[in-house]
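Colleague: Every letter in the sequence shown is one number past the one before it in my numbering, and letter 21, counting from 1, is 37.
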Amino acid sequence: MEHISLQNHDALIVVDMQNDFLPGGSLAVSGGETIIPLLNQYMAEFKAHSLPVFATRDWHPADHCSFRQQGGPWPVHCVAGTVGAEFHPALEWPAGTHIVSKAIASGKDAFSGFEDTKLDVMLKLQGIQRLFIGGVATEYCVLNTVRDALHAGYQIYVLKDAIRAIGLKQDDGLQAVETMIKLGACLIDIDTLQS
17 MEHISLQNHD ALIVVDMQND FLPGGSLAVS GGETIIPLLN QYMAEFKAHS
67 LPVFATRDWH PADHCSFRQQ GGPWPVHCVA GTVGAEFHPA LEWPAGTHIV
117 SKAIASGKDA FSGFEDTKLD VMLKLQGIQR LFIGGVATEY CVLNTVRDAL
167 HAGYQIYVLK DAIRAIGLKQ DDGLQAVETM IKLGACLIDI DTLQS
């Protein structure tokens with residue numbers, strides 16, 4: 017793929033790189049920690065171009081509807097204010113990173129960083145047109161964030177080397193990537209971005 021140059025209407029979205037979604041966490045994505053060095057490289061590229069970085073996070077109340085104790089499908093994870101909800105300490109966030117908290121109400125889940133958040137407003141206020149999206153998990157929060165971003169009219173680049181799937185079924189991650197391509201997203205890797 018040809019080289020892509022970053023432009024002044026670009027932003028990076030790092031999806032849900034929280035302790036509970038990474039090895040040792042209550043809802044760990046296998047190999048999730050392996051994309052941290054790449055995400056740090058992407059963040060450094062955006063920082064070097066003075067471009068904004070956004071970080072989405074699950075920020076659940078303790079009685080969130082997605083938890084098994086409440087009849088949901090998942091173990092307790094990313095409860096607001098807990099260590100599990102913190103971003104992995106190896107991530108090198110640029111100063112001024114915008115944090116977007118989602119699924120903050122007990123009775124409603126949200127896989128997308130756009131759902132019931134101010135993310136779209138924040139991006140539009142900065143004149144953002146192209147989004148570069150990586151993180152976890154490919155078939156849940158990454159896919160839904162990409163889907164909503166495309167629906168909102170952004171041009172989307174998915175960081176294929178910096179996403180990982182939970183993979184409850186073997187091909188879940190692959191199918192999610194294929195879905196994102198069909199919806200109109202482009203796949204890139206760090207070599208596409210760095211000259």
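Virtual Cβ for every residue (Gly too), placed ideally from N, Cα, C.
1. Go ahead and pull the three-state DSSP assignment for G150.
2. So what does DSSP say about T98, is it helix, strand or coil?
3. Rounding to the nearest angstrom, what Cα-Cα distance links V69 and K124 in this structure?
4. Compare the beta carbon distance of E155 and A192 with 7 Å and say whether it is the shorter of the two.
5. By how many angstroms is the C-alpha of T72 removed from the C-alpha of S117?
6. Compute the Euclidean distance between the alpha carbons of T50 and V162, then round it to the nearest angstrom.
7. Tell me, which residues are paired with F83 by DSSP?
8. Verify whether the separation of the beta carbon atoms of D177 and I149 is less than 7 Å.
9. Counting only the same chain and skipping the five closest in sequence on each side, list residues whose C-beta sits under 8 Å from that of Y170.
10. Which residues does DSSP list as the beta-bridge partners of L203?
Modeller: Looking at the coordinates:
1. Here residue 150 refers to the residue found at position 134 when the sequence shown is read from its first residue. DSSP places G150 in strand when its eight states are reduced to three.
2. As a working note, residue 98 is residue 82 in the sequence shown. T98 falls in the coil class under three-state DSSP.
3. Numbered from 1 along the sequence shown, position 53 holds the residue referred to as residue 69. Numbered from 1 along the sequence shown, position 108 holds the residue referred to as residue 124. Straight-line Cα distance between these residues: approximately 26 Å.
4. To locate residue 155, count along the sequence shown from 1; it is residue 139. To locate residue 192, count along the sequence shown from 1; it is residue 176. Their beta carbons are under 7 Å apart, which means E155 touches A192 by this criterion.
5. Taking the first residue of the sequence shown as 1, we reach residue 117 at position 101. Taking the first residue of the sequence shown as 1, we reach residue 72 at position 56. Going from the Cα of S117 to the Cα of T72 covers about 6 Å.
6. Residue numbering aside, residue 50 sits at position 34 when the sequence shown is read from its first letter. Residue numbering aside, residue 162 sits at position 146 when the sequence shown is read from its first letter. Roughly 21 Å separates the two Cα atoms.
7. The count along the sequence shown starts at 1 and reaches residue 83 at position 67. Answer is W90, bridged to F83.
8. Taking the sequence shown and counting its residues from 1, one reaches residue 177 at position 161. Taking the sequence shown and counting its residues from 1, one reaches residue 149 at position 133. No; because the gap between Cβ atoms is not below 7 Å, this pair is not in contact.
9. Within the sequence shown, the letter at position 154 stands for residue 170. L139, I144, Q145, R146 and L147.
10. Here residue 203 is taken as the residue at index 187 of the sequence shown, counted from 1. Paired residues: V174.
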